[in-house]
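Those protein sequence lines, which keep their order, are chains A and B. Here the first sequence is numbered in full-length UniProt numbering, starting from 1 and rising by one per residue. Here the second sequence is numbered in full-length UniProt numbering, starting from 1 and rising by one per residue. Structure, as structure tokens:
There are 2 protein chains.
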Amino acid sequence: MANQAPGGGHRAAPVHTDPEEVSVLAALSAVADPVRIQLIRELAHSADWTRSCGSFDVPVGKAALSHHFSVLRGVGLVEQRDEGPRRVNRLRREEFEARFPGLLDLLLRAGDTD
Amino acid sequence: MANQAPGGGHRAAPVHTDPEEVSVLAALSAVADPVRIQLIRELAHSADWTRSCGSFDVPVGKAALSHHFSVLRGVGLVEQRDEGPRRVNRLRREEFEARFPGLLDLLLRAGDTD
DNA sequence: CCGAGTGTTCGATGGATATCTTACAGTCCC
DNA sequence: GGGACTGTAAGATATCCATCGAACACTCGG
Chain A
1 MANQAPGGGH RAAPVHTDPE EVSVLAALSA VADPVRIQLI RELAHSADWT
51 RSCGSFDVPV GKAALSHHFS VLRGVGLVEQ RDEGPRRVNR LRREEFEARF
101 PGLLDLLLRA GDTD
Chain B
1 MANQAPGGGH RAAPVHTDPE EVSVLAALSA VADPVRIQLI RELAHSADWT
51 RSCGSFDVPV GKAALSHHFS VLRGVGLVEQ RDEGPRRVNR LRREEFEARF
101 PGLLDLLLRA GDTD
């Protein structure tokens with residue numbers, strides 16, 4: 001298999017979804033969760049590819065955290081890339097905005113913590 | 001008690017919430033439900049105060065329906081008024097739009113049924 | 001090669017909530 | 001007043017999903 005660096009087993013590459021093929025209901029459900037809102041906000045305040053999954057200050061274990069990122073990936077809001085031992089993230093602002101105009105702004109603008 | 005028309009028991013007037021005092025999370029949770037999305041869309045295509053609760057084509061019993069309207073009222077998206085034996089509805093478009101810009105449009109514009 | 005660090009997967013658990021059934025409260029019309 | 005109609009309330013059930021613990025996979029540095 002002509003794949004990547006020689007000599008190695010690799011972690012399964014994260015599967016990404018195009019926001020364009022995501023339903024409104026799915027997007028809203030994904031985003032209607034306090035932990036995920038917190039992740040999105042924190043991510044929005046950081047530069048792309050600078051935040052690893054474990055670097056977020058959320059009150060859940062790493063298993064749940066992994067699940068949350070999976071959900072966010074599943075609606076095309078977050079993109080992930082493996083960088084050595086860790087998995088770094090970025091918000092797919094433009095693509096998501098194109099499919100769900102205003103939704104991301106709503107999450108980031110609203111001044112409440114919940 | 002000096003309350004309303006004389007001689008009469010009355011149905012409890014529906015309690016309304018100002019969208020201004022609703023959290024983003026609550027609004028998103030309320031709106032992230034297939035039945036409620038359907039209600040909102042159907043309501044949006046009708047003139048104000050013309051649709052009674054029972055007049056919506058949703059696949060749930062009337063008890064569940066009553067619950068859904070209660071949720072929508074609770075986030076300030078729907079206003080209700082008693083009109084004889086039935087309770088008629090209207091969308092609080094402007095107020096909701098002011099608090100959650102773009103959210104209602106998102107629900108109405110997206111061309112998918114789910 | 002081993003150990004520390006990072007993240008995923010699996011199974012189980014608990015809590016929230018959407019739903020139904022039944023019973024009740026008003027309203028209107030005869 | 002009786003009966004049809006409309007909606008709410010309360011209790012029971014069921015389903016979904018967020019969370020955790022434990023085991024595993026991969027990366028990197030000694």
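Idealized CB from N, CA, C, for every residue including glycine. Bear in mind that the values here come from a model prediction, so they are computed numbers and not experimental data.
Cβ-Cβ separation, residue j to residue i (assumed contact under 8 Å), whole Å
i	j	result
residue 76 (chain B)	residue 19 (chain B)	3 Å
residue 58 (chain A)	residue 38 (chain A)	6 Å
residue 87 (chain A)	residue 53 (chain A)	5 Å
residue 91 (chain B)	residue 78 (chain B)	6 Å
residue 36 (chain A)	residue 68 (chain A)	5 Å
Residue environment, residue i, which counts as buried when at least 16 other CB atoms sit within 10 Å
i	result
residue 73 (chain A)	buried
residue 147 (chain B)	In the structure as shown, chain B begins at 1 and stops at 114. Residue 147 (chain B) is therefore absent and cannot be evaluated.
residue 30 (chain A)	buried
residue 12 (chain B)	exposed
residue 114 (chain B)	The predicted position of residue 114 (chain B) is uncertain, since its pLDDT is 45 and thus under 50; a value taken from the coordinates is nonetheless stated next. Under this definition residue 114 (chain B) is an exposed residue.
residue 22 (chain A)	buried
residue 51 (chain A)	buried
residue 7 (chain B)	Legend: pLDDT at residue 7 (chain B) = 31, less than 50; position of this residue unreliable, no value from coordinates given.
residue 27 (chain B)	buried
residue 1 (chain B)	Its pLDDT being 39, under 50, residue 1 (chain B) is placed unreliably in this model, and the value from its coordinates should be taken loosely. Answer is exposed; the Cβ neighbour count stays below 16.
residue 32 (chain B)	buried
residue 41 (chain A)	exposed
residue 24 (chain B)	buried
residue 5 (chain A)	Annotation note: pLDDT 36 at residue 5 (chain A) (below 50); position unreliable, coordinate value reported separately. Result: exposed.
Residues that DSSP places opposite residue i in a beta bridge
i	result
residue 38 (chain A)	Its beta-bridge partners do not exist; DSSP assigns none.
residue 99 (chain A)	Answer by DSSP bridge pairing: none, since residue 99 (chain A) is not bridged.
residue 46 (chain A)	DSSP lists no partner for residue 46 (chain A).
residue 79 (chain A)	A:90
residue 52 (chain A)	A:88
Contact test: residue i Cβ vs the ligand NAP heavy atom, cutoff 7 Å
i	result
residue 19 (chain B)	Among the ligands in the structure shown, none appear at all, so the ligand NAP cannot be discussed.
Residue range of the alpha helix (DSSP H) that includes residue i
i	result
residue 13 (chain A)	Residue 13 (chain A) -> no alpha helix (DSSP H), and no H or E assigned at all.
residue 64 (chain B)	62 to 74
residue 116 (chain B)	The first residue shown for chain B is 1 and the last is 114, placing residue 116 (chain B) beyond what the model contains.
Review point. Is the region 97 to 106 of chain A in contact with the region 96 to 110 of chain B, if contact means three or more CB pairs nearer than 8 Å?
Key: Counting Cβ pairs under 8 Å, three or more are found: they touch.
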